[in-house]
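Under the numbering used here, the letters of the sequence shown match residues 1138 to 1641, in that order. Backbone N, C-alpha and C fix where the C-beta goes; we use that ideal spot for every residue, glycine too.
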Amino acid sequence: MEFHEKLDFLMNITKTSNRSLAQHTFLDASHISRLRRGERKLVKEADYLKNMAAYLARQFTEEYQKKALLEALQQPAVLLQSPDLTAEAIYHWLLDPGDKETDAINGFLDGMAKVQFKKPASQQRLPSTEPEAMQADVALFYGNQGKRDAVLGFLSMVLESQQPTTLLLYSDESIDWLTEDLSFQASWANLMSGIVMRGHRIKMIHTINRNFDEMLEGLTKWLPLYMTGSIEPFYYPRKRDGVFQRTLFAAPGIAAVTSTSIENMKNKAVNLLLKDTGAVDVLAEEYNCYLRLCKPLMRIFTPHERLEFLATINEFEKESADAIIKAGFLSLATIPASVASDMLNRTDEPFKKEIMEYFHQRRINFDNSLLKDRFYEIVQLPDIEDIKAGKVEVGFAGLQETPKIFYRPEEFKLHLENIIQLLQRYDNYQFCINKENRHYEYRLYVKEDLGAIIIKTSQPYIVFAINESNMTAAFWDYLSLIYKENQADKKAVIKQLQKIVDEL
């Protein structure tokens, strides 16, 4: 996020007006307005910024506001115990230019790790979803607030329908209407969860020519629903002029929302909510015509699709390309075969045969790839006492619902010894020890110019397999940066691993 986006976020969530902030920063309200819109840049060493941060810090009084602030700043709750600490954090956050692409990926991965399945709140009628105009076959709504009202009305009608259908969703308009109102987001999420639980499915055409951070922010909003396996995501692979933007949401036989806008009129656009079945069916047909020009954005694997996932990752690993993998545990590709077999035999896993077949094929693919492709592994090493106590979990990556298996100290030692041998044998194999002191609940595996696989390693388990070129390149650059930040000489890495082996 840039400065103006951060300021606008803080003021929106605290309901701070331009005038009230101006009074506490000795600026004109018009100056504040231009700062929020990005029309006035933040000058270096602006003396008003600390006053601005101090005032805004005092406005975070509600729990939802505090939660949103902590997520935006990526800080622990202790930050809110002192107004001075909060103000200082806001001040530095406003100053930090950040890396928009890296921030977007971090937000997406952290959002995925935090997702938990919850029953939606009771499906009470929401006053804003039942305006009088809805009783007609066509209702008109204006601007972003109008779009929110139209969408809530649309979702309410779908939820009330007794016949499950497939929602057809597409929008390349600005996502401000979705992100700028937290109370709407809660209502939207509640209705969407209820719709999925009623057996409806969703086809979603994503817009990949947005700014990358905006696109990932949009994907992050959909993560809880992606976890259900009820969404099929697509994208249009060609360039569009982007002068006119379009929103088209249709539930065949029930209702539809449609709007068209251009950039400088996005908050004045007219949004049509339609219940006339003839009009709804025509819009659904229009959507399906566009869908036939699109490609799948990603494949999504849920726990009951384990064998399909194994087949997909096996094909992924057969392809020749440089690879980077980042995880909180050692890779299955580098574990000795005898150790993997012994571990699996300690469980009541029903797919032992398939898993061992996958393991052996993966080792063949891995050994072959090291002859021609580079493989970078970024790993957080566990505490030595946890290894000795048998508390280190085995990373059967992507094998969702596999019973938890823990290394015996001797097994972890054998795994490290095998990694040392690989480092000594192959110039193309690099092992990078991640110095970050935090636990990651995902594994990110990227092959350059080929695709990315994102695996959530905590419940609810989910795997995203992506081959869209822009997203693949972004995830590759993201991991390359992490590797460079933690990179060490191979001899130094071997020495560090050998030290752990000697202690075991």
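- Taking the Cα positions, F1612 is about 16 Å away from E1622.
- Excluding residues up to 5 positions away in sequence, T1162 lie with their Cβ nearer than 6 Å to the Cβ of M1189 in the same chain.
- The C-beta of P1213 has fewer than 16 other C-beta atoms within 10 Å across all chains shown, which makes the residue exposed.
- Looking at the DSSP output, C1426 bridges to nothing.
- E1310 counts as buried, since no fewer than 16 other beta carbons sit within 10 angstroms of its beta carbon.
- Within a 10 Å sphere around the beta-carbon of H1337 sit 16 or more other beta-carbons, which makes this residue buried.
- Counting only residues of its own chain and dropping the five nearest sequence neighbours on each side, H1497 has a CB closer than 8 Å to the CB of A1474.
- By the Cβ neighbour-count rule, N1505 is exposed, with fewer than 16 other Cβ atoms within 10 Å of its own.
- Taking a contact to require three or more Cβ pairs closer than 8 Å, the segment 1276-1296 and the segment 1377-1392 qualify as touching.
- In terms of Cβ geometry, D1586 and S1606 form a close pair [threshold 9 Å].
- In this structure the segment 1427-1436 does not lie against the segment 1564-1572, because fewer than three pairs of beta carbons, one per stretch, are closer than 8 Å.
- Between K1284 and A1421, the C-beta spacing is not below 9 Å.
- Boundaries of the beta strand (DSSP E) harbouring K1584: 1579-1584, taken from the DSSP string.
- By the C-beta criterion, the segment 1185-1200 is judged to be in contact with the segment 1220-1233, since at least 3 inter-stretch pairs fall below 8 Å.
- Between V1583 and I1501, the gap from beta carbon to beta carbon reaches 9 Å or more.
- A1159 has its alpha-carbon roughly 46 Å from the corresponding atom of T1365.
- Rounded to the nearest whole angstrom, the CA to CA distance from E1530 to L1551 is 15 Å.
- Annotated as proximal: S1396 and N1408, with beta-carbon spacing under 9 Å.
- Counted as a single uninterrupted DSSP element, the alpha helix (DSSP H) harbouring A1166 occupies residues 1166-1174.
- When the beta-carbon positions are compared, I1631 and Q1517 stay at least 9 Å from each other.
- Counting only residues of its own chain and dropping the five nearest sequence neighbours on each side, G1527 has a CB closer than 8 Å to the CB of F1543, Y1544, R1545, P1546.
- By the CB criterion at 9 Å, L1507 and Y1598 fall outside the cutoff.
- Scanning the segment 1327-1377 from its first residue to its last, the whole alpha helix (DSSP H) runs of 4-plus residues come out as 1349-1363.
- Inter-residue distance for D1479 and Y1579 is about 25 Å (C-alpha atoms, whole angstroms).
- In terms of CA proximity to W1230, E1208 leads the group L1467, E1208, S1154.
- No Cβ-Cβ contact shorter than 9 Å links D1233 with Q1211.
- Under the rule that a run must span 4 or more residues, the alpha helix (DSSP H) segments found entirely inside the segment 1476-1530 read 1489-1506, 1521-1525.
- For Y1201, the number of other beta carbons within 10 angstroms of its own is below 16, and it is reported as exposed.
- Distance from the CA of F1446 to the CA of E1176, rounded to the nearest whole angstrom, comes to 48 Å.
- Counting only the Cα atoms, D1510 lies some 28 Å from V1638.
- In its chain, beyond the 5 residues on either side, A1387, L1411, V1417, L1420 have a beta carbon closer than 6 Å to the beta carbon of A1393.
- Looking from the CA of Y1372, the closest CA among A1166, R1436, I1312 belongs to R1436.
- Between the C-alpha atoms of K1627 and Y1185 there is a straight-line separation of about 49 Å.
- Distance from the CA atom of L1328 to the CA atom of L1444, rounded to whole angstroms, is 32 Å.
- Contact between L1634 and L1553 holds: their C-beta atoms lie close to 5 Å from each other, under 8 Å.
- Q1382 places its beta carbon less than 9 Å from that of S1308.
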